[in-house]
Ligand code: OGA
Ligand code: MN
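In my numbering, the protein residues as written are -10 to 297.
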């Protein structure tokens, strides 16, 4: 079916297999019409890719994924990131290493204790970030599927950082255009006062350089590459750098730019980490189980090796 919608991001976006309903005036759509648990044709895959490049965030309700079919779906679009967990890997709940466990549950299926290290660590998802920006080659798409959700709260918020870039004053654009930031998981966890990294963990978390402004190749648009994992800007004093990052993050995440996703079980949400940020919202994680599962695809190269 071919649709054209009045609202800005969907206007003129033609599609044969999917129907799009905009989520926000700036980006994002709810996409219906395909069963993603089955292999897609080349044409369907191309259409989904084009829609992702346009909308940056897509919500697909009612997808009946298992861990295996979710991973198989993802593999049609790229290479799945290696070993997702960082802390206490030996106590992993999910056997399938392609799945990132975005839950408040331990290996026994019970809610994590209040002072469990994994809980402290997972709370980092409450800060605005782009997935795996702390890896030399960071993430391309994340695909998050809801299995169990709490009765209220625990929403996930998104912004499109191409929109943020477009709205920045020219003077600021010129000032930050060529800056290089350094990202580490330790920097984001430090913001919440979590510092209990073992020497081995710290060694695995060496800061990696990324461009602050990158080109989203397929749409041709520039995007701010922001993330809570940023702890430095090369060539700047750290307090000065972090004050700038904080300003940019505030600007990028102003309410008018935010889409807040209220989860329904079986929703699949896909976001393009190259040009979005997201964060989880708090919920009563000591009382209610919340079980979401994420498959993450990796980008083609470190941002400094990609053309701008
Ligand atoms: C993620 C993430 C936030 C949430 O899965 O990458 O940051 O709301 N999730 O669970
Ligand atoms: Mn995330």
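Positions of the beta carbon are idealized from the N, C-alpha and C atoms, including for glycine.
The criterion of a C-beta distance shorter than 8 Å is satisfied by residue 222 and residue 168. Between residue 106 and residue 77, the C-beta spacing is below 8 Å.
For residue 256, the secondary structure class from DSSP, reduced to helix, strand or coil, is coil. Between ligand 1 and residue 17, a heavy atom-to-CB distance of less than 7 Å is absent. Judged by DSSP in its simplified three-state form, residue 31 adopts helix. Ranked by how close their Cα comes to the Cα of residue 142, the residues 290, 269, 288 and 13 have 269 in first place. For secondary structure counted as the alpha helix (DSSP H) over 4 or more consecutive residues, the stretch 223 to 249 holds these complete runs in sequence order: 227 to 241. In this structure the stretch 93 to 100 does not lie against the stretch 246 to 262, because fewer than three pairs of beta carbons, one per stretch, are closer than 8 Å.
Note: residue 145 is bridge-paired with 250 and 269 in the DSSP secondary-structure output. Closest option to residue 238, judged by alpha-carbon separation, among 208, 137 and 149: 149. Counting along the chain, the unbroken alpha helix (DSSP H) around residue 56 starts and ends at 56 to 64.
Contact between the stretch 28 to 47 and the stretch 170 to 178 is absent: fewer than 3 CB-CB pairs across the two stretches fall below 8 Å.
In this structure, the beta-carbon distance from residue 57 to residue 287 does not fall below 8 Å. By the Cβ criterion, the stretch 36 to 56 is in contact with the stretch 7 to 25, since at least three pairs of Cβ atoms, one from each stretch, lie closer than 8 Å. Assignment of residue 132 by DSSP, reduced to helix, strand and coil, places it in the strand class.
Contact annotation, residue 183 with residue 110: C-beta distance approximately 6 Å; criterion of less than 8 Å satisfied. For ligand 1, a non-hydrogen atom lies closer than 7 Å to the CB of residue 114. Scanning 91, 230, 104 and 227 for the CA closest to the CA of residue 279 turns up 91.
Taking the Cα of residue 135 as reference, the smallest distance to any Cα among 127, 276 and 259 is reached at 259. Rounded to whole angstroms, the Cβ separation of residue 233 and residue 119 is 17 Å, and the two are not in contact under 8 Å. Looking from the CA of residue 249, the closest CA among 39, 68 and 147 belongs to 147.
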